[in-house]
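Contents: one structure, followed by commentary.
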Amino acid sequence: MVVTQASPPRLSRWLMAALPYVAAVVISFLAAGVFIAVMGFNVLRAYETILFTSFRTPNGFIQTLLKFVPLTLQALAFTVPLAAGKFNIGGEGQMIVGAIGATAVGILFAGAPGVLLLPSVLLASVLAGALWAAIPGWLLYRFGINEILSTVLMNFVSFQLINYVATEIWPDPAAGHPTTVPIGEGALLPLLIRRPPLHLGFLLTIVVAVLVYIYVTRTVYGYELVATGANPRAAQVYGIPVQVLSVLALVLGGAMAGLAGGVEVAGIHRRLIEGLQSNYLTLGILAGLIAKGRVVAVPFVAFFLSVLEVGASAMQRTMMIPGEMVIIVEAFIVLFILLSEVIRRR
Amino acid sequence: MDAQLQVITFLRLVMITLVPYVLAAQGTMLGGRTGVFSVAQEGIMLVAASVGFLAAYYLGGLLYGVLAAMLVGGIVGLLLAYFTTTLKMDQFVIGLALFFATAGFSSLAYKVAIGVTLIPPLIPTLPDVPLPVLSQLPLVGDIFFRHNVFVYLAIVLSLVLYVLLYRTGIGLELRAVGESPLAADSLGVNVTLMRYVTTVVGGMLMGLAGVYLPMAYTGTFTEDIVRGRGWLSIALTFFGGWNPHFILLGAFFFAGVEVLAFRAQVTNVGIPYQFLLMLPYLATILVMIPGFRWARVPAFLGRNYDREKRAQV
Chain A
324 MVVTQASPPR LSRWLMAALP YVAAVVISFL AAGVFIAVMG FNVLRAYETI LFTSFRTPNG
384 FIQTLLKFVP LTLQALAFTV PLAAGKFNIG GEGQMIVGAI GATAVGILFA GAPGVLLLPS
444 VLLASVLAGA LWAAIPGWLL YRFGINEILS TVLMNFVSFQ LINYVATEIW PDPAAGHPTT
504 VPIGEGALLP LLIRRPPLHL GFLLTIVVAV LVYIYVTRTV YGYELVATGA NPRAAQVYGI
564 PVQVLSVLAL VLGGAMAGLA GGVEVAGIHR RLIEGLQSNY LTLGILAGLI AKGRVVAVPF
624 VAFFLSVLEV GASAMQRTMM IPGEMVIIVE AFIVLFILLS EVIRRR
Chain B
4 MDAQLQVITF LRLVMITLVP YVLAAQGTML GGRTGVFSVA QEGIMLVAAS VGFLAAYYLG
64 GLLYGVLAAM LVGGIVGLLL AYFTTTLKMD QFVIGLALFF ATAGFSSLAY KVAIGVTLIP
124 PLIPTLPDVP LPVLSQLPLV GDIFFRHNVF VYLAIVLSLV LYVLLYRTGI GLELRAVGES
184 PLAADSLGVN VTLMRYVTTV VGGMLMGLAG VYLPMAYTGT FTEDIVRGRG WLSIALTFFG
244 GWNPHFILLG AFFFAGVEVL AFRAQVTNVG IPYQFLLMLP YLATILVMIP GFRWARVPAF
304 LGRNYDREKR AQV
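Following this line, the structure appears as structure tokens:
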């Protein structure tokens with residue numbers, strides 16, 4: 324056995340690494356607490372609601388896991404391109420178009436047996452999301468157009484597209500809100516837990532997260548991706564096709580955001596509903612930033628944000644404190660985590 | 004409606020519509036010209052629209068709203084300047100974090116102050132101020148010289164910025180900071196101060212762009228009031244090649260597409276309205292293709308200058 328150089332024990336190293344995160348979360352919560360108190364609400368009750376609603380009832384916990392699914396996929400859709408140094412702000416549109424793709428297949432082939440229909444529905448959502456991200460990817464590759472801008476603008480195009488599909492192509496006139504008719508029975512995701520219902524998408528998300536982790540950290544392609552993000556010029560010199568990799572990273576991100584749309588349709592709504600993308604893009608990007616782009620941390624951060632999100636809506640319901648409060652807290656967490664890095668550098 | 008009147012109405016609407024684009028894009032350009040690339044426009048416009056509206060509503064005067072919007076825009080600009088210029092953090096990450104924080108704060112502030120109401124609270128919209136003599140001119144008078152003060156402000160500001168950047172010593176120094184801060188620094192230009200001032204003033208202009216929306220269009224604040232105009236302004240900045248005068252010209256195009264999409268929707272041209280509403284975004288993506296080719300982007304855009312560091316590229 325080789326005696327390694329003396330290093331601090333494993334546990335304390337972990338604690339040192341966790342310290343800035345804990346500090347950032349605590350400081351952000353304190354700042355929000357001051358604000359909540361100034362507004363005249365009960366601060367402790369607000370904290371309690373935000374943090375513990377998820378763990379009080381089985382229903383609350385399943386709700387959290389159901390939010391975890393699209394949130395994790397959106398976070399990965401942001402994180403993978405970020406590894407290559409590209410900002411994918413188009414996850415919202417990619418999710419919407421993914422949902423449209425899933426719905427289209429689910430309605431057109433409504434009578435098909437589940438073994439065929441469900442995989443086709445999910446595949447359609449993946450392809451649609453990938454295609455939607457490929458457009459900014461191509462614009463970046465061919466014309467050097469800033470991907471932040473083009474991905475964001477594609478979101479606004481998709482808002483109109485989903486409205487068109489839900490009001491003109493397969494509208495459900497009884498719904499009273501832009502909604503399509505339901506997809507075929509065979510397109511629905513089977514349930515893992517029957518009551519309260521948790522669909523198979525949860526398992527699917529875990530599998531995707533593990534595959535992405537293996538891809539980024541254990542394969543040559545993933546290594547090239549990270550090398551591209553770390554120093555594009557050096558990567559180029561060593562023969563890595565930097566530009567192609569950037570585009571592929573965006574497309575892969577789009578595929579995962581698209582899957583988020585497909586899972587929401589096949590697992591939750593069973594039809595296309597305008598607004599089903601909710602605020603998952605915002606939460607996904609915040610999760611990616613809090614995880615500092617580390618794929619392994621993404622599911623854990625996403626779970627934490629899901630807990631906060633379930634708590635935030637409970638807080639809005641029972642205490643009338645607007646749920647946006649929590650988004651601001653999360654943005655603060657990002658800033659404080661970055662700040663802790665600055666402090667460490669000095 | 005006869006053709007002449009239609010053209011006049013169209014051009015009048017374009018003049019009114021270009022204001023937020025011009026203000027937000029000039030703000031973006033100003034910060035970018037010293038190297039600070041903001042991506043928080045959409046959020047700043049939202050929070051300025053919300054806070055500005057509330058100030059005007061509760062204090063009973065549009066001027067209070069305008070001042071509040073400039074204040075809140077300036078504060079966000081100051082934060083961006085501090086995090087990037089002083090702490091040297093990644094400009095895009097900070098910009099995104101500020102975008103989310105401000106966007107969240109905009110609806111939070113409105114909900115806390117107003118709550119949910121059946122009838123939205125209203126403020127008076129900006130009155131038209133016809134310019135003496137000029138507004139009497141045939142055609143031109145109606146199109147250009149009978150507007151609210153923001154329209155004049157947007158035009159005059161663009162011209163002032165052009166003169167400032169290209170005809171004064173300060174402008175030369177300012178542009179140098181965005182091209183080569185090392186060279187500017189060695190010649191005694193205060194790089195840090197330059198970056199702070201342009202980013203704060205840029206934030207104020209974005210704030211004005213935001214508060215214009217409730218004051219000129221709706222008379223109230225809604226969560227979807229900005230509708231991507233902040234992001235479109237970044238595209239306009241590139242389209243205008245990071246030059247104040249070309250940004251003003253480009254804004255006519257951006258505003259023209261928006262008015263066209265809106266009017267085509269009203270007059271029912273047979274195309275589903277959803278596709279008309281996509282137009283501004285699709286047109287923007289298209290014009291970015293030549294835009295990104297010819298734009299002379301400030302060389303140091305998006306980067307942070309550290310005078311203590313040895314290797315400066």
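Chains as they are written, first to last, in the numbering used here: chain A, 324 to 669; chain B, 4 to 316.
We treat Cβ as the ideally placed atom computed from N, Cα and C, and that holds for glycine.
query, result
"Rounded straight-line distance, which links the Cα of Glu415/A to that of Thr327/A", "Caution is warranted here: a pLDDT of 48 is assigned to Thr327/A, below 50, making its placement in the model unreliable, and the coordinate value is therefore given only provisionally. Approximately 48 Å between the Cα atoms of the pair."
"Contacts around Val325/A, its chain only, beta-carbon distance under 7 Å, and the 5 residues preceding and following it disregarded", "Any answer about Val325/A is weak, because its pLDDT of 46 lies below 50 and its placement is not dependable; what the coordinates show is given next. Nothing listed; no residue qualifies."
"Segment contact flag, the segment 72-87 of chain B with the segment 200-213 of chain B, C-beta cutoff 8 Å, min 3 pairs", "yes"
"Nearest residue (CA-CA) to Ser161/B, options Arg296/B, Thr20/B, Ala28/B, Lys312/B", "Ala28/B"
"8 Å Cβ cut-off: residues of chain B touching Pro564/A", "Result: empty, since nearest Cβ-Cβ is about 21 Å, beyond 8 Å."
"Simplified DSSP state of Arg178/B, which is helix, strand or coil", "helix"
"DSSP state of Thr502/A mapped onto helix, strand, coil", "strand"
"Beta bridge counterpart(s) of Pro681/A as assigned by DSSP", "There is simply no residue 681/A to check, as chain A begins at 324 and stops at 669 in what is shown."
"Closer than 7 Å at the beta carbon, the chain A residues around Lys114/B", "Pro645"
"Bridge partner(s) assigned by DSSP for Val624/A", "In DSSP, Val624/A forms no bridge with anything."
"Entirely enclosed beta strand (DSSP E) segments - the segment 363-387 of chain A, minimum 3 residues", "none"
"Cβ of Gly34/B within 7 Å of any chain D Cβ", "Although the question refers to chain D, the structure presented lacks it and instead comprises the protein chains A and B."
"Stretch-stretch touch, CB-based, cutoff 8 Å, three pairs: the segment 278-296 of chain B with the segment 464-484 of chain A", "yes"
"Nearest-angstrom Cβ-Cβ length linking Ile471/A and Phe95/B, presumed shorter than 8 Å", "7 Å"
"Contact belief for Gly294/B with Phe241/B at Cβ below 8 Å, rounded distance in angstroms", "5 Å"
"Closer than 8 Å at the beta carbon, the chain B residues around Thr402/A", "Within chain B, no residue comes near Thr402/A; the closest Cβ sits about 13 Å away, beyond 8 Å."
"Extent of the continuous beta strand (DSSP E) run through Ile516/A", "514-516"
"Three-state class that DSSP yields for Pro124/B in the structure shown", "coil"
"DSSP bridge partner residues for His522/A (one or two, in chain order)", "Leu514/A"
"Ile596/A - DSSP class collapsed to helix/strand/coil", "strand"
"Buried/exposed call for Ile644/A, threshold 16 Cβ in 10 Å", "buried"
"CB contact flag (Ser53/B, Tyr113/B, <7 Å)", "yes"
"Within 7 Å of chain B by C-beta, residues of the segment 598-618 of chain A in sequence order", "Thr605, Ile608, Leu609, Leu612"
"Sequence-distant residues of its chain with Cβ nearer than 6 Å to Leu606/A (five each side left out)", "Leu394, Leu628"
"Backbone CA spacing between Val618/A and Glu311/B [nearest angstrom]", "33 Å"
"Gly38/B versus Gly509/A - alpha carbon distance", "55 Å"
"Spatial neighbours of Gly46/B in its chain, beta-carbon cut-off 8 Å, leaving aside the 5 residues before and after", "Val79, Leu101, Phe102, Phe103, Ala104, Thr105, Ala106, Ser109, Gly233"
"Cβ of Trp234/B within 7 Å of any chain A Cβ", "yes"
"Where Pro141/B falls: helix, strand or coil (DSSP)", "coil"
"Met638/A, buried or exposed, once every other Cβ within 10 Å from all chains shown has been counted against 16", "buried"
"Three-state secondary structure assigned by DSSP to Val132/B", "strand"
"Sequence-distant residues of its chain with Cβ nearer than 7 Å to Leu548/A (five each side left out)", "Ala406, Ala407, Val539, Leu568, Ala572"
"Inter-residue spacing [alpha-carbon to alpha-carbon] between Leu140/B and Arg556/A", "59 Å"
"Beta strand (DSSP E) runs wholly inside the segment 432-474 of chain A, at least 3 long, in chain order", "none"
"Same chain only: Cβ atoms within 6 Å of Glu632/A, ignoring 5 sequence neighbours per side", "Lys390"
"Short CB-CB distance (under 7 Å) between Gln386/A and chain B", "no"
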